[in-house]
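Numbering (the working numbering), first residue to last: 95 to 148.
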């Protein structure tokens, strides 16, 4: 029983660490996506302004 509990705790701790890493990767990917979208929006606005002034 003790061995099972120790293995369970080890697995749970490993899973928690992996979940934290996954969460960080997801957060970074979302932030990167937001930056890219903001850049595209800014470029689109610049093109619209150029078109209006032409």
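In this text, a Cβ means the ideal position worked out from N, Cα and C, and glycines have one as well.
For clarity, every value in this text was computed on a predicted model and none was experimentally measured.
Span of the alpha helix (DSSP H), counted from its first residue to its last, around residue 124: Looking at the DSSP string, the run of the alpha helix (DSSP H) that includes residue 124 is 96–147.
Rounded separation between residue 115 and residue 136 - CA only: So the two alpha carbons sit approximately 32 Å from each other.
Whole-angstrom distance between residue 140 and residue 134, CA atom to CA atom: Cα to Cα, residue 134 sits roughly 10 Å from residue 140.
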